Amino acid sequence: MDQIHNILDEQPLLKEAIAKVRNDIEISNEQKLSLYESAAVGLSARGLTHEIRTHLTEIRMRMNNIQKLSKIKNVSENDFTPELRAVRSACASMTNTIGLIDPMLPRARRIKSNINLLDFLNEYITSRAYGFDFEKIEINLLNTRNSLTIRCNQSRLLQVIDNIIRNSVYWLRRSDSIFNIKIKKEIFIEFTNSGLIIWDTGIGIDKKVENNLFEMFVSAKPEDSNDGQGLGLFISQQLLRDEECDIRLLSERNTFGNMYKFFVDFSGIVL
């Protein structure tokens, strides 16, 4: 009987301890998500700097041309027009590129909005149009009639989509120099009744990493390069899962014998 009384007396303490553990776990999860969000912004910003350098190189080249033209006698205003137009275009594109950073900054995680995926992707593609044109990459949207409206945190969605697309751009850019193959550089985004399927015409996923692609520090990029640490897809999956979504690699293989299609599953947040 004394043992029973002791157990009953200890119950409030036990409940308090369990509550504390649960609270500590919640705080730990919040801290991890904050870390993932900050890391995602850093990865995207790193990619954006490459585009900004490209814009600055274009501007410098055009300004040099303008300087040379100014030293030529009998030059007309029309001779300057193509160069000025190119400078204005590069400045506008750079503004759009920089404008991508702010929406990616971590906002209150509970702030969610209704997002039409087709509108969202069209806006994203427009903001990066100069970079795609420079890389000679064509973006194709398929089955747009299946476009969904979802409810989620917009900054997280942008981080995830940007990471996947930048991976495609990276490998398409290296298709000639590393794999010595000539391909038409294309990225496809297919709308389904539960999400998006995203792929490109590159070499696909290295078989060595296809089974653990979403684990931390897993990457097929050269170890001696500064192009990534194998965190992008891991972080994307963590952010999606916190939104009750997921991402996975489909089993279909391309002509190179590699898996190459990513399925982003939004079925849990479709309106």
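In this note's numbering, the protein residues as written are 1 to 271.
The beta-carbon is built from N, C-alpha and C at its ideal position, and this holds for glycine as well.
Predicted model, so just to flag it, every value in this text is computed and none were measured.
Check, Outcome
"Whole-angstrom distance between R60 and L274, CA atom to CA atom", "Because the chain is modelled from 1 through 271, residue 274 falls outside the range shown and cannot be assessed."
"Rounded separation between V270 and L121 - CA only", "16 Å"
"DSSP three-state assignment for S113, whether helix, strand or coil", "strand"
"6 Å Cβ shell around S267 - same chain, five flanking residues per side excluded", "S194"
"Sub-8 Å separation of I125 and T97 beta-carbons", "no"
"Backbone secondary structure at T149 - three-state DSSP", "strand"
"Spatially closest choice to I187 from R46, R174 and G202, by CA coordinates", "G202"
"For I150 and I313, believed in contact at Cβ under 8 Å, the rounded distance", "This structure leaves residue 313 out entirely; the chain is present only between 1 and 271."
"Endpoints, the beta strand (DSSP E) within which R248 is located", "D246 to L249"
"Burial state of G257, where buried means 16 or more other Cβ atoms lie within 10 Å", "exposed"
"Buried/exposed call for N278, threshold 16 Cβ in 10 Å", "There is simply no residue 278 to check, as the chain begins at 1 and stops at 271 in what is shown."
"For F80, the three-state DSSP class (helix, strand or coil)", "helix"
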